[in-house]
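Here is the structure we will look at, set down as structure tokens.
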Amino acid sequence: MSFFIDTSALFKRYQPEKGTTAVTRILEDHSHSLYISSITIVEMISNLKRLSEVDKITTEIQFQQQRDFFYRDIVTLNMTILDITAEDVIKAEDLILKRYMKPVDSIQLAIALNMKSDGITFVSADQRLCKIAIQEGLKTLTP
Numbered sequence: 027m028s029f030f031i032d033t034s035a036l037f038k039r040y041q042p043e044k045g046t047t048a049v050t051r052i053l054e055d056h057s058h059s060l061y062i063s064s065i066t067i068v069e070m071i072s073n074l075k076r077l078s079e080v081d082k083i084t085t086e087i088q089f090q091q092q093r094d095f096f097y098r099d100i101v102t103l104n105m106t107i108l109d110i111t112a113e114d115v116i117k118a119e120d121l122i123l124k125r126y127m128k129p130v131d132s133i134q135l136a137i138a139l140n141m142k143s144d145g146i147t148f149v150s151a152d153q154r155l156c157k158i159a160i161q162e163g164l165k166t167l168t169p
């Protein structure tokens, strides 16, 4: 089984909240192939930094620990990072033309759709995005 994990779901691994256990279960089951997009890296670091700098939920030291944990996970959990291609950008625009979507969400979904992999499950904590993914023919999981 293969999982494409968007930032909203993956974030739960590094900042405990509802859904953390489900995400951890997926990530730590080594029988699965795990995929993230390159934009997830920037989104993740930005979201973690927001917790310390804007929301004041974590300290700068905690931010560094979360960031280090994230980068370690990429390697130890054997996550495949998918770069954004011109084909993904074209697909993202097509998705936006069908219905309003945030740009990053459209890119995430386009990459998953363009994988052309049978059995890929799109994992997102964003229920609206999962609904669109289902309409586009993907299996989804909302942690």
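When you read off a place in the sequence shown, starting at 1, and then add 26, the result is the number in this note's numbering. For glycine and all other residues, C-beta sits at the position ideal for the given N, C-alpha and C.
Keeping to the same chain, check which residues put their C-beta closer than 6 angstroms to that of residue i; ignore five residues upstream and five downstream.
| i | result |
| --- | --- |
| Q92 | Y40 and L74 |
| D32 | Q134 and S150 |
| F30 | Y61, A138, I146 and F148 |
Taking just the CA atoms, how far does residue j sit from residue i?
| i | j | result |
| --- | --- | --- |
| I62 | E79 | 25 angstroms |
| Q161 | F148 | 12 angstroms |
| I83 | V49 | 21 angstroms |
| P42 | Q88 | 13 angstroms |
Please name the residue or residues paired with residue i in a DSSP beta bridge.
| i | result |
| --- | --- |
| S176 | Here the chain covers residues 27 to 169 and nothing more, so residue 176 does not appear. |
| V49 | Bridge partners of V49: none, in fact. |
| F148 | F30 and T166 |
Going by Cα to Cα distance, which pick from the options is closest to residue i?
| i | options | result |
| --- | --- | --- |
| I67 | D109, H56, L135 and R154 | D109 |
| V101 | E54, K82, P129 and D114 | E54 |
| L155 | L139, S143 and A48 | L139 |
| D152 | G163, N104, S132 and P42 | S132 |
Along the beta strand (DSSP E) that carries residue i, what are the first and last residues, could you check?
| i | result |
| --- | --- |
| L103 | Where L103 is concerned, there is no enclosing beta strand (DSSP E), given that its DSSP letter is neither H nor E. |
Between which two residues does the alpha helix (DSSP H) holding residue i run?
| i | result |
| --- | --- |
| I122 | A112 to K124 |
| I83 | From DSSP, I83 is part of no alpha helix (DSSP H); its letter is neither H nor E. |
| P129 | P129 to N140 |
| S72 | S64 to E79 |
Residues in the same chain with beta-carbon distance under 8 angstroms from residue i, minus the five sequence neighbours each way, listed in chain order, please.
| i | result |
| --- | --- |
| P129 | A118 and I122 |
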